[in-house]
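The C-terminal position of the sequence shown is numbered 180 in our numbering, with every residue numbered one higher than the one before it. All C-beta atoms, glycine included, are put in the ideal place defined by N, C-alpha and C.
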Amino acid sequence: SEPSVKKAAGICGVSILTARNAYVRFRNLLPLWLENRFETHRNMIKEYDEMLYLPETLRKNKRHIFEAFDFLTFDYGDAVYNILLPSLEHYKKRLLDDGLENLHYREFSRFLAIHRIARLRSRENTIIRFWNYFDEFMKQYRGISRNSFPLYLKEAEFRFNVPVPEHRFKILKSL
Numbered sequence: 006s007e008p009s010v011k012k013a014a015g016i017c018g019v020s021i022l023t024a025r026n027a028y029v030r031f032r033n034l035l036p037l038w039l040e041n042r043f044e045t046h047r048n049m050i051k052e053y054d055e056m057l058y059l060p061e062t063l064r065k066n067k068r069h070i071f072e073a074f075d076f077l078t079f080d081y082g083d084a085v086y087n088i089l090l091p092s093l094e095h096y097k098k099r100l101l102d103d104g105l106e107n108l109h110y111r112e113f114s115r116f117l118a119i120h121r122i123a124r125l126r127s128r129e130n131t132i133i134r135f136w137n138y139f140d141e142f143m144k145q146y147r148g149i150s151r152n153s154f155p156l157y158l159k160e161a162e163f164r165f166n167v168p169v170p171e172h173r174f175k176i177l178k179s180l
């Protein structure tokens, strides 16, 4: 796997800020590359499913359901493409204003379980493998802002779709 920002700074003999800025630049280049790749393979979509992602530290309290990141994952030719869906946070205030918090959390959780967007052929598939990969990938970070989340999602998507580090390096270098 690729080194952390701190380790990369040491390897390259640059400041941590310079290494961090390079990682940010790469993360900003990936969405367009992934979009173009998906567009050329759009006719190969096999399956899709919706994911509600919460960082592991927030999963214990049901009140954090509104802070989940909601995205749609497509499987095309054993690769994935993710589309971030609108935030659920705007529902939170409306549901909490009437004082029936527990009822609303329970009903909202039930609604989300029933109204999923999905077309899966089996329980073991590329999408589930990506979600497991993504969950592990995100554990290395100590909190990511809502604004930065899409770039980390795309970085994980890129790493998953291009598993060989040397191939990733060539692609990033070309970008």
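- Annotation note: the segment 10-76 contains the following uninterrupted beta strand (DSSP E) runs of length 3 or greater, listed N- to C-terminal: 50-58.
- Counting C-beta pairs closer than 8 Å gives fewer than three between the segment 11-18 and the segment 135-145, which falls short of the contact rule.
- Scanning 22, 58, 53 for the CA closest to the CA of residue 137 turns up 58.
- Beta bridge pairing from DSSP links residue 88 with 77.
- Residue 81 and residue 135 have their C-alpha atoms spaced approximately 12 Å apart.
- Residue 76 is positioned such that its CB atom lies closer than 7 Å to that of residue 89.
- One alpha carbon belongs to residue 13, the other to residue 23, and they sit about 10 Å apart.
- Straight-line measurement puts the Cα of residue 146 at about 25 Å from the Cα of residue 40.
- The alpha-carbon of residue 162 is positioned some 10 Å away from that of residue 168.
- Residue range 154-166 is occupied by the alpha helix (DSSP H) that includes residue 159.
- Residue 138 sits in a helix when the DSSP states are folded into three classes.
- A straight-line Cα-Cα distance of about 27 Å links residue 170 and residue 54.
- DSSP places residue 144 outside both helix and strand once states are collapsed to three, so it counts as coil.
- Take the alpha-carbon of residue 173 and the one of residue 165: they are about 10 Å apart.
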